[in-house]
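In what follows, a single structure is set out as structure tokens and then discussed.
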Amino acid sequence: MKNFFGFNVGAADEHGLPAADAKAFIADRTPPDVLEELAQTREKIVRADKKGSLPAWVTVLAWVFLIVAFCCIASIVGNIGELSLSEMYAKAAWVFYVGGASLSVFAAIMLFGWRRSKKAAADPALEQINGEAGRALGRVKECLHIPPDAKEVDLFAKYYRIGKNGKIKNASTFFNYVNMSFYVYTRGENVCFSSLEFTMSVPRSAFVSYRRIDKNAMFTRWNKAENFNSPRYKAYKIRANSMGALFVKPYYSALLNTPEGEFEIIFPSYELDAMRSLIELPVISA
């Protein structure tokens with residue numbers, strides 16, 4: 008069964024994009040000039056974010072100073088009970104100086120970063136950029152005819168390539184799915200899924216059931232305004248590893264039976280209620 012949002016990165020369509028497994032259901036595309044406008048505003052936002060944040064090497068340096076400070080503090084705390092502070096100072100005064108200086112440098116860097124971020128946020132140019140981004144997004148919604156009441160739903164896309172032996176391989180070794188935000192809504196007898204680039208439309212009658220999968224889904228990208236470990240999403244026990252991949256268990260898929268074959272729309276557990284509000288189906292276990 009194919010992922011409805013499966014894309015072969017080793018093959019390009021007529022638009023130069025990864026070939027979609029469910030290309031027969033692409034009902035509309037955003038015009039190139041509108042996408043270019045959106046890309047330009049995104050680039051402006053990225054530059055504005057860099058202007059308001061510390062360079063990566065400065066952030067790393069700050070954390071190095073903090074680690075040194077903690078090591079010094081741990082050394083002092085570890086000897087409490089055996090030696091007095093005056094005795095420790097007499098034997099290793101450098102620990103106090105290095106620890107205090109490191110903590111002061113860390114605090115100074117963080118304060119500088121906070122002031123820099125605050126100054127960038129107050130820049131009138133940022134308000135102008137956000138306005139441009141809002142207008143560009145509005146043009147996309149207008150071109151794709153996305154209604155105002157469309158729900159924003161996270162769905163798991165699969166990017167893959169075909170190996171020399173003909174087997175399907177993930178495009179990345181660090182995650183299985185790319186978490187994509189779609190506007191989901193109904194239009195007549197069809198259910199529509201709109202990204203910023205295209206709209207895919209599938210008849211409501213093609214939906215069979217929801218399937219609960221009691222395994223970990225490993226994915227990248229978090230799209231919600233609140234963090235994945237915020238109180239709102241705490242019940243879903245979403246985890247992250249050191250490589251930045253996210254994990255959620257269980258996850259779900261909506262099974263589709265179409266003239267083009269069987270597909271599934273895969274999504275995280277926190278979107279089950281949103282999907283059922285649009286397409287009410289029974290939930291079965293895998």
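Here the sequence shown stands for residues 8 to 293, numbered as in this note's numbering.
Using N, Cα and C, we set each Cβ at its ideal position, and we do this for glycine too.
Since this is a predicted model, take the numbers as computed values, not measurements.
| query | result |
| --- | --- |
| In chain order, each alpha helix (DSSP H) run of at least 4 residues that lies wholly inside the stretch 56-111 | 63-86, 92-98 |
| Cβ separation of Y258 and A281, assumed to be a contact under 8 angstroms, to the nearest whole Å | In fact, because the Cβ distance is near 14 angstroms, the residues do not count as touching under 8 angstroms. |
| DSSP three-state assignment for A114, whether helix, strand or coil | helix |
| Residues near F14 by beta carbon distance below 6 angstroms, same chain, minus five either side | P25, A27, Y166 |
| Entirely enclosed beta strand (DSSP E) segments - the stretch 134-214, minimum 3 residues | 158-169, 175-177, 184-194, 197-201, 205-210 |
| Residue closest to Y104, alpha-carbon to alpha-carbon, out of N236, S82, G251 | S82 |
| Reduced DSSP secondary structure (H/G/I, E/B, other) of M250 | coil |
| Element boundaries [beta strand (DSSP E), containing S237] | Segment: none, S237 is in no beta strand (DSSP E) and carries neither H nor E. |
| Candidates C78, A232, K244, E50: closest to K256 by CA position | K244 |
| Contact set for L90: own chain, Cβ-Cβ below 8 angstroms, skip 5 residues either direction | K98 |
| Simplified DSSP state of D28, which is helix, strand or coil | coil |
| Close beta carbons around D156, own chain, < 8 angstroms, minus the five adjacent residues each side | Y192 |
| Cβ contact (3+ pairs, closer than 8 angstroms) linking the stretch 193-213 and the stretch 36-44 | yes |
| Supposed contact pair F113 and A76 - C-beta distance, whole angstroms, cut 8 angstroms | 6 angstroms |
| Inter-residue CB distance, A178 and V16 (contact presumed, cutoff 8 angstroms) | 5 angstroms |
| Endpoints, alpha helix (DSSP H) assigned at S284 | 279-285 |
| Unbroken beta strand (DSSP E) run spanning M225, endpoints | 224-227 |
| S109 versus T227: straight-line alpha-carbon distance, rounded | 35 angstroms |
| Inter-residue Cα distance where the pair is I175 and K9 | 11 angstroms |
| Alpha-carbon spacing of K158 relative to E21, whole angstroms | 29 angstroms |
| Bridge partners - V255, DSSP secondary structure assignment | A224 |
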